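Just below is one structure, and these are the notes that go with it.
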Amino acid sequence: MGIRTSQRIKEIARQVGFDLAGIARVRPGLDWPIYEDWVVSGMAGEMIYLTDHRADIREDPERLLPSAKSVICVGKLYNCPEPYSTQFDSSTRAWISRYAWGEDYHVLMRQGLARLSAALTRELPPFESRICVDTAPLLERSYARQAGLGWIGKNTCLIHEGKGSWFFLGEMLTSIDLEPDSPPLDRCGTCTRCIDACPTQAIVPAGDGRHTIDSRLCISYFTIELRGPIPEEHRAGLGRHVFGCDICQDVCPWNWKAPTNCDEAYRAREFAPPLEKLAALSEEEFRKLYRETPVSRARYRGFLRNVAVAMGNAGDQQFRPALEKLACHEDSVVAEHALWALQALI
10 MGIRTSQRIK EIARQVGFDL AGIARVRPGL DWPIYEDWVV SGMAGEMIYL TDHRADIRED
70 PERLLPSAKS VICVGKLYNC PEPYSTQFDS STRAWISRYA WGEDYHVLMR QGLARLSAAL
130 TRELPPFESR ICVDTAPLLE RSYARQAGLG WIGKNTCLIH EGKGSWFFLG EMLTSIDLEP
190 DSPPLDRCGT CTRCIDACPT QAIVPAGDGR HTIDSRLCIS YFTIELRGPI PEEHRAGLGR
250 HVFGCDICQD VCPWNWKAPT NCDEAYRARE FAPPLEKLAA LSEEEFRKLY RETPVSRARY
310 RGFLRNVAVA MGNAGDQQFR PALEKLACHE DSVVAEHALW ALQALI
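So the sequence shown is numbered by our numbering: it starts at 10 and just counts up by one.
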């Protein structure tokens, strides 16, 4: 099918609620060797799902959909009007990454892509498709870049020139042979604000003038993916972050005038909740509070571990009773981090 069909698909994608839409070829292209080098270097840390047998599918999406010829890529803005973490100064309140404030984006994006699929089914000849959101083994940002949705910045986020980087990405593999879009130029230039601002120096050189994220140094990795102890030498760098980190996006000039999305589905249930409140949550209360949100991925004990570190970094004696209670927690990792935090209060 020609250019007119591709244009119509992108138009429909916007009609069903997506802020960005584009078309890519089904192969990941030159980005696959870059991903392989990143994995081989060990920068995935303990994220086995990025290094196991699913890697072969990332190189060959036709294993997900044998008839695949094109990838429809979409983006949904999730930036809410609340201040950025770099603009919010309160050591007694927790920072949860902006993407995790509202409902589970996996569900929201799948619903949107299902609406897109239904609309295309009504308008186009029969075709096969498969919806993919985050958990599917695809190089999402690579496809989004090839589809013209943005370039991949030094912080490895996809950046759209007019709308910034606050986007959830989703894809639809399809048997329709579509006219692809072209990748935009890299507009980061000589800017190093994200590199300079990272508290744990997780944005590292990757050769050929590129940069990448060493997950083993990343606050998001420590607070979400890492199940055991956080390396002691990096705990101070976590600041008040208890789930994820937005710093490299907060300081990006392309986000200084980024548009916002006021949809209730993306709004915070409680903006920057008090650390003392989070430390007192029972497991049942944690599950109820963060059910059907990304925060549940940290799991209860991992979340308490993160809260303890944030309290220690606050250095406020008001947290001593809460930390003394956590220091007696049945989970040894939570207890050890609480003891570390108590020492930090002295």
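For every residue, glycine included, the Cβ atom is placed at its ideal position computed from N, Cα and C. Model, not experiment: these values are computed from the prediction.
- P92 is the residue among T60, P92, S15 whose C-alpha sits nearest the C-alpha of P268.
- C337 counts as exposed, since fewer than 16 other beta carbons sit within 10 angstroms of its beta carbon.
- When the beta-carbon positions are compared, A30 and V83 come within less than 7 Å of each other.
- Annotated three-state conformation of H220 is strand, per DSSP.
- Only buried fits T221, as 16 or more other CB atoms lie within 10 angstroms of its CB.
- Put simply, the segment 100-115 does not touch the segment 163-171. Fewer than three CB pairs are less than 8 Å apart.
- DSSP places E180 in the uninterrupted beta strand (DSSP E) bounded by 176-183.
- Between Q327 and L354, the C-beta gap is not smaller than 7 Å, which leaves the two residues out of contact.
- In the pairwise beta carbon analysis, the segment 225-240 is classified as touching the segment 301-315: at least three pairs are separated by under 8 Å.
- In the displayed model, W104 falls within a strand according to three-state DSSP.
- Separation of W175 and Y87 (C-alpha to C-alpha, rounded to the nearest whole angstrom) is 6 Å.
- The C-beta separation of A22 from P189 comes to about 15 Å, leaving the pair out of contact by the 8 Å criterion.
- CA-CA distance, C203 to E293, rounds to 37 Å.
- G26 places its beta carbon less than 7 Å from that of G121.
- Taking the Cβ atoms as the reference, I81 lies roughly 6 Å from T183, within the contact range of under 8 Å.
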